[in-house]
Amino acid sequence: MIAAWEGLQWLRPAWFWALAALPVFAWQWWRVQRREQVWRSAVDPQLLPHLIDRSVTRQGHASLWLRLLAWTLAVLALAGPSWRSIEQPPTAGGTPLVLALELSQATLAADLPPSRLLQARARLATLLQQRQGQPTALVAYADDAFTVAPLSDDTGNIALFLDALAPDIMPVDGSAASRAIAHAMRLLARGDHARGDILLLAASADGDAEAAATRAAAAGHRVSVLGLGRGEGVAYRRGDGSIAQARLDVVALQRVAAAGGGRYLDWDQDAMTVLRAGHDVDRVADGRGVRARQDGGYWLLLPLLLLSLFAFRRGAAVVVLAAGLLVPMLPAHAVEGGLWQRADQARGARMREGIAAYREGNDAAALQAWQGLPGATAAYNRGNALARQGRYEDAIAAYDEALRAQPGMEDAIANRQAVQAAMQRRPPSGGDRDDSRAKPDDGEGTSPQGQGEDGSPRDGSPEPGGDRAPTPPSEQATPPAESEDRPSSRDRDEQPDAQQAADAAQREAMEQALQQDGTQRADDASAGTEGTMAQETDAEREQRQANEAWLRRIPDDPGGLLRARFKREHDRRNGLGEER
1 MIAAWEGLQW LRPAWFWALA ALPVFAWQWW RVQRREQVWR SAVDPQLLPH LIDRSVTRQG
61 HASLWLRLLA WTLAVLALAG PSWRSIEQPP TAGGTPLVLA LELSQATLAA DLPPSRLLQA
121 RARLATLLQQ RQGQPTALVA YADDAFTVAP LSDDTGNIAL FLDALAPDIM PVDGSAASRA
181 IAHAMRLLAR GDHARGDILL LAASADGDAE AAATRAAAAG HRVSVLGLGR GEGVAYRRGD
241 GSIAQARLDV VALQRVAAAG GGRYLDWDQD AMTVLRAGHD VDRVADGRGV RARQDGGYWL
301 LLPLLLLSLF AFRRGAAVVV LAAGLLVPML PAHAVEGGLW QRADQARGAR MREGIAAYRE
361 GNDAAALQAW QGLPGATAAY NRGNALARQG RYEDAIAAYD EALRAQPGME DAIANRQAVQ
421 AAMQRRPPSG GDRDDSRAKP DDGEGTSPQG QGEDGSPRDG SPEPGGDRAP TPPSEQATPP
481 AESEDRPSSR DRDEQPDAQQ AADAAQREAM EQALQQDGTQ RADDASAGTE GTMAQETDAE
541 REQRQANEAW LRRIPDDPGG LLRARFKREH DRRNGLGEER
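Going by the UniProt record's numbering, the first residue of the sequence shown is number 1, and it counts up by one from there.
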């Protein structure tokens, strides 16, 4: 019990200001009691016992104490007493993070070999990899701050911009950390995030950076700084060829971090130690989850309900029920969305559940998860699972359903043709086995909806307003390729040799179908290319070769797009006098 009191914390201590109403209640009661003093001064004392009901006075005292006690209990419950914490698994999201990288000319210094810029890119790549699935944004700043990538859970997409980050893409040189903090606050506000982290990768800070960090902390955000460089400083060559001295202003950066409620870290320290520190939760050290303070205020509602019985008035229940009827009833699709999920979230969860089962080879569980889901992708996935089970007729019907939902779906057309060819080549001795499994190919001839850029499948969760999920399950984009032996029906007991022969014949037929399909596609593509080149005239051929040579002369400048966008945004801000 003593340990519980020592660990007592209040989650919402601002509610204690409501205790200031207690003197108001006492003063009102005193005014009521003072009215009785008028009778005492105007009526003979011998008649007072017959005019004043003493029981009413005693009830007034009891009513006062009950009101004061009930109000105190209600305030304590609202303040959120917490004497223990519970472990919770990490959520898919997390605290939003805005990474702000200084891109001044000083980043060309080599005190962090080979240069500050290359080290910053590598550190950002590491941070983005560790932040997978969590809202993250990237801001580049010099004299002004610009958005490289807004808040997004797709950190892999943000990493594509890292190679384009260089000082020459910034319109004006400088190190205005204050504008970077203000810009990060605007990004968090646009994303409706009440709290977030801002991490500066900087070597210096301007005079307004400390005040900007203070404003960010007041808004509920936390500003931390990762020092970009070494304390001793080094000379470097600027973009115009001049020589300048770059140094790390540790004192100024430490003040910015302290004003923003965060920490300052040297370059050799791990920045994730700062990002893992939550706002209102104690994170588990091993990273398995978080420890959240448990609100125990609901225990105080029990005595408060008992005290409410003394405030009962005849007809009060009718008034309470009538007031409840005035509350508008909002529609809730409980069957589709579940208790805590919307309809689209429930469909997305079922889609991901089926993908996980499909990857593990559990076709029956995957088919059950995808059963009843609308859209072309769900039907296409069901066709793949049915094909792996050897249920070719049902698989073709599923592919037809996908094509009705999305005509021209290339993957569904290709898989349907391959399954149909396998049905025609199936030997009669194989029977109509429902438990043989066809395993799809691993990605040849896939279309963009089959896999992501890295070749890995995506979850295929549905998007609002559409039926088809953007990505099907793993290895979905090609026809079935081979089968595996699984415990079957009575055929295995009656004719094991015939069953094995049927399996081998079916596997060979599927491989032949795939080879013929791939060969036909390659021949069609080759014939189309050769036919086009054969039909070219000499002038068209020379024009094509000249265009190819001209395209090869275009310099590879990955930062050109960012440079043009930042320049246009900089000119617009200066022309309109906007806050930067």
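For each residue, glycine too, the CB sits at the ideal point set by N, CA and C.
| Asked | Found |
| --- | --- |
| Using CA coordinates, which residue listed in Phe566, Pro81, Glu569, Leu22 is at the minimum distance from Tyr298? | Pro81 |
| Does the distance from the C-beta atom of Ala216 to that of Ile198 stay below 8 Å? | yes |
| Where does the unbroken beta strand (DSSP E) through Ala164 begin, and where does it stop? | Note, Ala164: premise wrong, no beta strand (DSSP E); not H, not E. |
| Pick helix, strand or coil for residue 660, following the three-state DSSP scheme. | The chain is shown from 1 up to 580; residue 660 falls before or after that span and cannot be answered. |
| Once the 5 residues before and after His183 are set aside, which same chain residues still bring their CB inside 6 Å of it? | Val139, Ala145 |
| When the Cα of Arg121 is compared with those of Asp153, Ile158, Gly94, which residue comes out closest? | Ile158 |
| Is it true that the segment 226 to 244 meets the segment 96 to 112, where meeting means three or more beta-carbon pairs spaced less than 8 Å apart? | yes |
| DSSP on Arg238, reduced to helix/strand/coil? | coil |
| Identify the residues that DSSP records as bridge partners of Leu551: which are they? | Leu551 pairs with nothing; no bridge assigned. |
| Rounding to the nearest angstrom, what Cα-Cα distance links Val225 and Ala369 in this structure? | 46 Å |
| Using the Cβ count rule (16 or more neighbours within 10 Å means buried), how would you classify Met272? | exposed |
| Would you check if the segment 245 to 261 and the segment 200 to 213 touch, i.e. whether three or more CB-CB distances between them fall below 8 Å? | yes |
| In three-state DSSP terms, what is Pro81? | strand |
| Assign Ile396 to one of two classes, buried (16 or more other C-beta atoms within 10 Å of its C-beta) or exposed (fewer than that). | buried |
| Just to check my reading of the structure: Ala166 and Ala149 have Cβ atoms closer than 8 Å, yes? What is that Cβ distance to the nearest angstrom? | Not quite, the Cβ-Cβ distance comes to about 16 Å (not below 8 Å), so this is no contact. |
| Are the Cβ atoms of Leu162 and Leu124 separated by less than 8 Å? | yes |
| Quick one: what does DSSP say Thr136 is sitting in, helix, strand or coil? | strand |
| Can the beta-carbon of Ser412 be found closer than 8 Å to that of Tyr380? | In the sequence on display, residue 412 carries Ala and not Ser. Contact: yes. |
| In whole angstroms, what separates the C-alpha of Gln119 from that of Asp173? | 20 Å |
| Quick check: what's the CA-CA separation for Arg247 versus Gln105? | 12 Å |
| Going along the chain, which residues of its own chain have a beta-carbon closer than 7 Å to the beta-carbon of Ala180, five neighbours each way excluded? | Ala100, Val139, Tyr141, Ala145, Leu200 |
| Is Phe566 closer than 8 Å to Pro171 when the C-beta atoms are compared? | yes |
| In three-state DSSP terms, what is Gln543? | helix |
| Below 8 Å on the Cβ atoms is my contact criterion, and I expect His221 with Leu188 to pass it. Report the Cβ-Cβ distance as a whole number of Å. | 6 Å |
| Report the option in Gly241, Asn547, Leu367, Leu373 whose CA atom is closest to the CA atom of Thr343. | According to the sequence displayed, residue 343 carries Ala and not Thr. The shortest Cα separation from Ala343 among Gly241, Asn547, Leu367, Leu373 belongs to Leu373. |
| Since Leu300 and Leu76 are thought to touch, with beta carbons under 8 Å apart, how far apart are those beta carbons, to the nearest angstrom? | 6 Å |
| Roughly how many whole angstroms lie between the Cα atoms of Ala218 and Arg186? | 14 Å |
| In the DSSP assignment, find the beta strand (DSSP E) that holds Ala412 and state where it starts and stops. | It is not in any beta strand (DSSP E) - Ala412 instead sits in the alpha helix (DSSP H) that spans 410 to 425. |
| Taking the alpha carbon of Arg359 as the point to measure from, which residue in Asn384, Gln371, Ala346 has its own alpha carbon closest? | Asn384 |
| How about Ala257 and Gln245: are their beta carbons less than 8 Å apart? | no |
| If distances are taken between C-alpha atoms only, which option among Ala177, Ala422, Asp168 comes closest to Pro390? | Going by the sequence as given, residue 390 is Gly instead of Pro. The candidate whose alpha carbon is nearest that of Gly390 is Ala422. |
| Would you report the Cα separation of Gly175 and His570, rounded to the nearest angstrom? | It is worth fixing the name first, because residue 175 is Ser in this sequence and not Gly. So the alpha carbons of these two residues sit roughly 15 Å apart. |
| For the beta strand (DSSP E) that Ala21 lies in, which residues bound it at each end? | From DSSP, Ala21 is part of no beta strand (DSSP E); its letter is neither H nor E. |
| Please look up how many angstroms separate the CB atoms of Ala212 and Glu102, rounded, as I've assumed it's under 8 Å. | So it is not a contact: roughly 14 Å between Cβ atoms. |
| Let's test the definition: count the other Cβ atoms within 10 Å of the Cβ of Pro135 and tell me whether it reaches 16, buried, or not, exposed. | buried |
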